[in-house]
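Numbering (the UniProt record's numbering), first residue to last: 1 to 401.
Using N, Cα and C, we set each Cβ at its ideal position, and we do this for glycine too.
Since the structure comes first, as structure tokens, the remarks are kept for the end.
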């Protein structure tokens with residue numbers, strides 16, 4: 001065994017892919033787990049006491065470029081298109097310093113995420129960028145944001161998407177694509193991106209059914225989003241058809257290798273059934289504190305969960321969330337939906353997002369060969385097996401080094 005191997009002993013191990021292990025042992029070496037349930041270190045185990053050890057967390061959706069923002073942009077409950085305009089204004093105000101500003105913010109976001117026990121994340125990457133911005137973490141899945149409603153812009157986006165996937169593959173980096181949202185990217189680009197995802201076996205993420213303003217744009221080509229697009233000079237009559245719904249985009253996304261449906265705040269019953277029937281191909285990502293910031297109607301998470309949809313939780317960014325503490329989003333979600341069984345919440349920030357992002361071979365559970373990045377939840381000494389998942393909801397994850 002590697003001389004740097006060490007073994008941790010904890011009141012509980014939460015492997016995620018199997019039941020909790022009482023008084024469990026976890027041996028790690030060289031950045032990987034080498035044994036679950038036994039000590040192969042050749043030395044006495046390090047007793048962590050009354051804690052539950054769990055896999056490092058996976059943040060399924062974030063925009064680290066906003067990690068330098070002290071407080072969310074705008075005001076709570078503001079119209080979503082108005083908030084989008086503040087985001088655009090902030091980017092434009094950076095001017096030639098944008099790339100440098102982004103690199104600094106991303107570095108800060110990676111550090112903050114690590115401090116919160118996050119070992120991997122689905123990161124929306126925007127132009128200008130370089131994959132070196134994510135060098136400080138091995139767990140970033142760089143999902144290139146694709147924005148543009150015109151055919152001319154579409155050609156540029158597809159070329160950039162192809163380059164992104166090829167460059168990441170050559171460097172051994174995790175990558176995917178993110179046609180941004182119905183109001184910002186042409187449907188033809190979504191179709192091509194989904195095909196590229198399938199061909200390259202990489203994930204695809206799209207913001208969808210995020211606001212009622214989006215639904216109005218799709219159904220009637222009117223409202224605040226149309227006004228915003230006209231203000232920016234990018235409105236195109238041929239970009240939408242009357243009577244559209246998020247379902248039209250879900251049908252495109254189902255051809256991807258795996259699609260992350262970001263937010264899904266206003267999915268209707270037919271759309272819920274659609275994604276639930278494709279739980280091996282689609283994951284809905286709920287961002288609780290961002291959802292609360294905009295004052296959206298109650299998320300359809302409970303319906304999705306009861307129908308068997310794959311669900312994950314993300315922080316979104318500091319532009320709509322006060323921090324990147326993913327477990328606080330879990331705690332809000334659990335308080336909002338007490339009907340959901342406690343063990344489901346840990347799955348939503350470990351195994352499920354790891355699978356959706358295509359990184360389940362390294363992250364998402366405590367298993368031999370997987371990442372040694374684990375977290376500890378401090379518990380009271382009398383927590384029983386049937387209470388451990390409920391107990392960690394009242395605790396905070398601490399990275400174990």
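Contact check, residue i vs residue j, beta carbons under 9 angstroms
{"i": "residue 46", "j": "residue 9", "result": "yes"}
{"i": "residue 224", "j": "residue 135", "result": "no"}
{"i": "residue 58", "j": "residue 109", "result": "no"}
{"i": "residue 206", "j": "residue 178", "result": "yes"}
{"i": "residue 288", "j": "residue 333", "result": "yes"}
{"i": "residue 25", "j": "residue 38", "result": "yes"}
{"i": "residue 304", "j": "residue 275", "result": "yes"}
{"i": "residue 366", "j": "residue 15", "result": "yes"}
{"i": "residue 294", "j": "residue 80", "result": "yes"}
{"i": "residue 186", "j": "residue 239", "result": "yes"}
{"i": "residue 131", "j": "residue 168", "result": "yes"}
{"i": "residue 142", "j": "residue 349", "result": "no"}
{"i": "residue 266", "j": "residue 214", "result": "yes"}
{"i": "residue 140", "j": "residue 322", "result": "no"}
{"i": "residue 146", "j": "residue 87", "result": "no"}
{"i": "residue 64", "j": "residue 106", "result": "yes"}
{"i": "residue 311", "j": "residue 253", "result": "no"}
Those residues which DSSP pairs with residue i across a bridge
{"i": "residue 47", "result": "9"}
{"i": "residue 80", "result": "Partner(s): none; residue 80 has no beta bridge."}
{"i": "residue 377", "result": "52 and 397"}
{"i": "residue 242", "result": "For residue 242, which the question treats as bridged, DSSP gives no partner whatsoever."}
{"i": "residue 361", "result": "In the DSSP output, where bridge partners are listed per residue, residue 361 has none listed."}
{"i": "residue 59", "result": "121"}
{"i": "residue 26", "result": "8 and 36"}
{"i": "residue 178", "result": "145"}
{"i": "residue 371", "result": "32"}
Length of the line joining the Cα atoms of residue i and residue j
{"i": "residue 120", "j": "residue 328", "result": "17 angstroms"}
{"i": "residue 370", "j": "residue 89", "result": "42 angstroms"}
{"i": "residue 85", "j": "residue 261", "result": "22 angstroms"}
{"i": "residue 144", "j": "residue 164", "result": "7 angstroms"}
{"i": "residue 297", "j": "residue 180", "result": "22 angstroms"}
{"i": "residue 392", "j": "residue 56", "result": "14 angstroms"}
{"i": "residue 341", "j": "residue 246", "result": "29 angstroms"}
{"i": "residue 402", "j": "residue 324", "result": "In the structure as shown, the chain starts at 1 and stops at 401, and residue 402 therefore has no counterpart that could be examined."}
{"i": "residue 44", "j": "residue 17", "result": "27 angstroms"}
{"i": "residue 335", "j": "residue 151", "result": "45 angstroms"}
{"i": "residue 170", "j": "residue 22", "result": "43 angstroms"}
{"i": "residue 76", "j": "residue 210", "result": "16 angstroms"}
{"i": "residue 241", "j": "residue 235", "result": "13 angstroms"}
{"i": "residue 232", "j": "residue 29", "result": "53 angstroms"}
{"i": "residue 11", "j": "residue 19", "result": "14 angstroms"}
{"i": "residue 204", "j": "residue 42", "result": "44 angstroms"}
{"i": "residue 250", "j": "residue 166", "result": "26 angstroms"}
Residue i: CB within 8 angstroms of a non-hydrogen atom of the ligand GTP
{"i": "residue 349", "result": "By its list of ligands, the structure shown contains no ligand whatsoever, and the ligand GTP lies outside what it can speak to."}
> Between the stretch 34-54 and the stretch 358-378, do three or more beta carbon pairs fall short of 8 angstroms?
Replying inline: yes
>> I want to know whether the stretch 250-263 touches the stretch 192-200 - three or more CB-CB distances under 8 angstroms.
In response: yes
> Do the stretch 157-165 and the stretch 208-220 make contact, defined as three or more Cβ pairs closer than 8 angstroms?
Replying inline: no
> Can you list the alpha helix (DSSP H) stretches of 4 or more residues lying completely in the stretch 191-220, in chain order?
Replying inline: 212-220
>> Three or more C-beta pairs under 8 angstroms: does that hold for the stretch 29-39 against the stretch 277-290?
In response: no
> Could you give the uninterrupted runs of the beta strand (DSSP E) lying entirely in the stretch 104-159, keeping only those of 3 residues or more?
Replying inline: 118-125 and 140-146
>> Measuring CB atoms only, is the stretch 335-346 touching the stretch 95-107, in the sense that at least three cross pairs come out at less than 8 angstroms?
In response: no
>> Between the stretch 104-118 and the stretch 263-279, can you find at least three pairs of beta-carbon atoms closer than 8 angstroms?
In response: no
> Which ranges does the beta strand (DSSP E) cover as unbroken runs of at least 3 residues, wholly within the stretch 247-327, from first to last along the chain?
Replying inline: 258-263, 282-286 and 310-313
> Touching or not, the stretch 355-364 and the stretch 171-188, by the rule of three or more beta carbon pairs under 8 angstroms?
Replying inline: yes
> Are the stretch 383-401 and the stretch 310-319 touching, with three or more C-beta to C-beta distances below 8 angstroms?
Replying inline: no
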